[in-house]
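Inspection log for the structure reproduced underneath, given as C-alpha cells.
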Amino acid sequence: MPLLDVRDLSVVFKRKGTAPFTAVDNVSFAVEPGQTVGLVGESGSGKSVTSLAVMGLLPKRGAHVTGSVNFDGTELLSLSMKELRNRRGRDLGMVFQDPMSSLNPVITVGRQISEVLQRHRGQDRKEADAGAVAMLDQVGIPDPARRVGEYPHQLSGGMRQRALIAIALACRPRLLIADEPTTALDVTIQAQILKLLADLVRGTETAMIMITHDLGVVAGLCDEVNVMYGGKIVERAERHRLFAEPRHPYTHGLLRSIPRLDAPRGEKLVPIKGSVVDNIPWEGGCAFAPRCPNALQRCRQVMPELEPEDARHLRCHNPVQPAAVAEGRAER
Numbered sequence: 011m012p013l014l015d016v017r018d019l020s021v022v023f024k025r026k027g028t029a030p031f032t033a034v035d036n037v038s039f040a041v042e043p044g045q046t047v048g049l050v051g052e053s054g055s056g057k058s059v060t061s062l063a064v065m066g067l068l069p070k071r072g073a074h075v076t077g078s079v080n081f082d083g084t085e086l087l088s089l090s091m092k093e094l095r096n097r098r099g100r101d102l103g104m105v106f107q108d109p110m111s112s113l114n115p116v117i118t119v120g121r122q123i124s125e126v127l128q129r130h131r132g133q134d135r136k137e138a139d140a141g142a143v144a145m146l147d148q149v150g151i152p153d154p155a156r157r158v159g160e161y162p163h164q165l166s167g168g169m170r171q172r173a174l175i176a177i178a179l180a181c182r183p184r185l186l187i188a189d190e191p192t193t194a195l196d197v198t199i200q201a202q203i204l205k206l207l208a209d210l211v212r213g214t215e216t217a218m219i220m221i222t223h224d225l226g227v228v229a230g231l232c233d234e235v236n237v238m239y240g241g242k243i244v245e246r247a248e249r250h251r252l253f254a255e256p257r258h259p260y261t262h263g264l265l266r267s268i269p270r271l272d273a274p275r276g277e278k279l280v281p282i283k284g285s286v287v288d289n290i291p292w293e294g295g296c297a298f299a300p301r302c303p304n305a306l307q308r309c310r311q312v313m314p315e316l317e318p319e320d321a322r323h324l325r326c327h328n329p330v331q332p333a334a335v336a337e338g339r340a341e342r
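When the count follows the numbering used here, it moves up by one through the sequence shown with no breaks and lands on 342 for the last residue.
Structural data, given as C-alpha cells:
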C-alpha cells in the first residue's frame, strides 16, 4: 500500500483582473515506503507547485487546490493548519529549493534545527542542541560545533543547502520531499548528500519525492520517474526503462540535450526547441505540440490521455518508436 497517494491534484492560481492559471492539472501518483519517486521537467512544468500543494504550503488566497492527497489514510487537504503543523517536521519533511531565502536570517542555524527536535521529539534544550551538532556533522558541514552558533549569512550557499537538509532530516520523517536538494552543491558534496538521502530511504523505509531537472540524479536515485510538462504528467516509468527507451518526445528530448560520457568528443547537444511558454492549452490538444518534432494535426486538436502502455504510462498521440531511440543513441 502506498504511504502517499495523490489523486487528480489540481492547483489553479486566481488573481483579480487576470485569467486563472492552472499550474498543476489533474496529477496522480503514489509513493510507497522505501521508494523514491522522481518528478522531472523544465522550470515551469509544475513540479514545485505539486510539492507545495502536498505539504499544504500554498497560500489560501489566490490558490485553489482540488483533488486528494492521502497520507497513510489521512486526507491532508482537509486538515486544519494546526494539524498540518503537527505533521510537518515529524511525518512530512521538505528540502526547499532556494537555500538563500529558506532559512530565517535572524536565528542561528543550530537553533533552527534544535527547535524541530524540541517541538516534535520532546527533547530538552541541551539534548536538542547536541542533536543539531550531530545533524550538521551528518550532512558534511565542517566544524559543526562552531557552525550551530552562526547565522545563515555566515554560511556559504552550499552550507545553507546542507543546513536545510539537516532540518528536514532531523526527525526522520516518513515522507521526504526534496526540491532540487543539490542545486548549490559541488559534485563531491552532491554525491555525499545523495548517498545520505538514499541511506535514509533504505534504512528507515522513508518514502521520498525527488524533484529535479538533473537526470543524473534521477538515474542514480529514483525508482520510478514521472515526467511533467505544462502541469501534467506526460510519461511515467521505472527509471531503467525510461532511460533505455523514452517514448514521449519530451522525455526523449530531455535525454538528448544532456552530455554523455560515451559520446564522441566535440559532439553537439540536441536541445529542445523553444521554451515552456511555447504551448497550447491542454483542452485544445497537447501542450508540447508547438515544440514537438513528432507533432501531428491531431496533436493540436485532441488532448492525449495518460494511458498504460507496456509497463509505463504515456500521454502522446505519436510517441517515439524504439527504433528512433536506438538510432539517436547510435548517432551520439
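Built from N, CA and C at the ideal position, the CB exists for glycine as well.
Burial state of residue i (16 or more Cβ within 10 Å)
i: GLN107; result: buried
i: GLY168; result: buried
i: GLN311; result: exposed
i: PHE39; result: buried
i: PHE31; result: exposed
i: SER55; result: buried
i: ILE117; result: exposed
i: PRO314; result: buried
i: GLY72; result: exposed
i: ALA321; result: exposed
i: ASP209; result: exposed
i: ALA29; result: exposed
i: VAL237; result: buried
i: ASN114; result: exposed
i: PRO329; result: buried
i: ASP35; result: buried
i: ALA247; result: buried
i: ARG157; result: buried
i: VAL197; result: exposed
i: ARG184; result: buried
i: LYS57; result: buried
i: LEU271; result: exposed
i: ASP139; result: buried
i: THR192; result: buried
i: ALA340; result: Here the model assigns ALA340 a pLDDT of 48, short of 50, so the residue's position is not dependable and the matter cannot be decided.
i: GLN171; result: buried
i: GLY1; result: Outside the displayed range of the chain (11 to 342) lies residue 1, so it cannot be described from this structure.
i: THR46; result: buried
i: GLY263; result: buried
i: SER61; result: buried
i: GLU234; result: buried
i: LYS136; result: exposed
Three-state secondary structure (DSSP) of residue i
i: HIS323; result: strand
i: TYR260; result: helix
i: GLY48; result: strand
i: ALA29; result: coil
i: VAL330; result: coil
i: VAL16; result: strand
i: GLU42; result: coil
i: ARG100; result: coil
i: GLU85; result: strand
i: MET11; result: coil
i: ARG342; result: Because the pLDDT of ARG342 is 48, which lies under 50, any placement of that residue in the model is unreliable, and the question is left without a value.
i: ASN80; result: strand
i: LEU58; result: In the sequence on display, residue 58 carries Ser and not Leu. Of the three classes helix, strand and coil, the one that applies to SER58 here is helix, per DSSP.
i: LEU94; result: helix
In DSSP terms, what residue i is bridged to
i: VAL21; result: VAL34 and VAL75
i: PRO318; result: HIS323
CB contact check: residue i to chain C, cutoff 8 Å
i: PRO30; result: Here chain C cannot be found, since the structure has a single protein chain.
Let me know the beta strand (DSSP E) ranges lying completely inside the region 102-147, each 3 residues or longer, listed in chain order.
-> Entirely contained in the region 102-147, the beta strand (DSSP E) runs reaching 3 residues are, in chain order, 102-105.
Hey, which unbroken runs of the alpha helix (DSSP H) at 4 residues or more fall wholly within the region 250-316?
-> 259-266, all fully within the region 250-316.
At 4 residues or longer, and completely inside the region 181-256: list those alpha helix (DSSP H) runs for me, N to C.
-> The alpha helix (DSSP H) runs lying completely inside the region 181-256 and spanning 4 residues or more are 197-214, 225-231 and 249-254, given in chain order.
So, do the region 196-208 and the region 109-126 have three or more beta carbon pairs nearer to each other than 8 Å?
-> Flag = no, the region 196-208 and the region 109-126 do not touch.
Below 8 Å, can you find three or more Cβ-Cβ pairs linking the region 61-70 to the region 95-104?
-> Yes: the two stretches touch, three or more of their Cβ pairs being nearer than 8 Å.
Segment contact, 8 Å Cβ cut-off, at least three pairs: the region 79-92 with the region 165-181 = No, they do not touch.
Just checking, does the region 315-329 make contact with the region 237-251 on the three C-beta pairs under 8 Å criterion?
-> Output reads yes: the region 237-251 touches the region 315-329.
Within the chosen definition, does the region 181-190 reach the region 213-233 through at least 3 CB pairs nearer than 8 Å?
-> Because the criterion of three Cβ pairs below 8 Å is met, the region 181-190 and the region 213-233 touch.
Validate contact between the region 72-82 and the region 247-266 using beta carbons, cut 8 Å, 3 pairs | Taking a contact to require three or more Cβ pairs closer than 8 Å, the region 72-82 and the region 247-266 do not qualify as touching.
Should the region 141-158 be regarded as contacting the region 176-183, the criterion being three or more beta carbon pairs within less than 8 Å?
-> By the Cβ criterion, the region 141-158 is in contact with the region 176-183, since at least three pairs of Cβ atoms, one from each stretch, lie closer than 8 Å.
Which whole runs of the alpha helix (DSSP H) in the region 148-176 are 4 residues long or more, in chain order?
-> Fully enclosed alpha helix (DSSP H) runs of 4 or longer: 154-157.
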